[in-house]
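Participant: First the structure, which I've put down as structure tokens, then a few questions once you've had a look.
Residue numbers (my numbering): 376 to 523.
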């Protein structure tokens with residue numbers, strides 16, 4: 376598959392392999408049925424020089440599912456990263472999670488952020504930063520959400 380945009384061109388090749396005996400007699404054998412290899416070749420255009428820089432990487436994925444085509448696996452992997460990137464972007468930009476200096480039990484604050492974001496998503500909030508700001512200014516905004 377090929378994607379272009381944002382001054383880059385990315386070609387991806389997806390290969391699917393059955394596990395076979397590769398994991399025999401290991402704790403992973405009952406769980407992993409398929410190995411997926413995604414090879415990416417990317418051309419990045421430098422805004423400063425106009426020259427193209429080439430980059431390549433290989434990623435491996437393990438799955439308990441079988442019977443999907445390489446195209447279906449590629450779509451599933453791309454779809455997962457879209458969800459992952461949207462989640463991390465909101466956590467980093469709106470919640471400033473990367474700037475958090477909590478060292479003792481940081482998981483508690485991460486769960487609190489997840490709880491807040493889940494409430495906003497359940498209420499179909501599209502601008503998370505604005506909703507967090509309004510919630511900080513007035514408790515009435517928070518209490519007006521459904522499921523609270």
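For every residue, glycine included, the Cβ atom is placed at its ideal position computed from N, Cα and C.
Exposed or buried, which one is residue 469 when buried takes at least 16 other CB atoms within 10 Å?
Facilitator: So residue 469 counts as buried.
Participant: Mark residue 492 as exposed unless 16 or more other C-beta atoms lie within 10 angstroms of its C-beta, in which case mark it buried.
Facilitator: Residue 492 comes out buried.
Participant: Could you say if the stretch 467-483 and the stretch 419-428 meet the contact criterion of at least three C-beta pairs nearer than 8 Å?
Facilitator: The answer is no - the stretch 419-428 does not touch the stretch 467-483, with fewer than three Cβ pairs under 8 Å.
Participant: Buried or exposed: where does residue 411 fall if 16 or more other Cβ atoms within 10 Å of its Cβ makes it buried?
Facilitator: When all chains shown are included, residue 411 counts as buried.
Participant: Under a three-way DSSP split, which group does residue 438 fall into?
Facilitator: Correct three-state label for residue 438: strand.
Participant: Whole angstroms are fine: how far does the CA of residue 517 sit from the CA of residue 386?
Facilitator: Near 45 Å, if we compare the C-alpha coordinates of residue 517 and residue 386.
Participant: Within a Cβ cutoff of 6 Å, which residues of the same chain sit near residue 382, ignoring the five residues on either side of it in sequence?
Facilitator: Counting only Cβ-Cβ distances below 6 Å, and skipping sequence neighbours, we find 420.
Participant: Around the Cβ of residue 391, are there at least 16 other Cβ atoms within 10 angstroms (buried) or fewer (exposed)?
Facilitator: By the neighbour-count rule (16 or more Cβ atoms within 10 Å), residue 391 is buried.
Participant: What separation, rounded to the nearest whole angstrom, lies between the Cα atoms of residue 522 and residue 494?
Facilitator: About 8 Å.
Participant: Between residue 384 and the rest of its own chain, which residues show a CB-CB distance below 8 Å, the 5 nearest in sequence each way excluded?
Facilitator: 377, 378, 417, 418.
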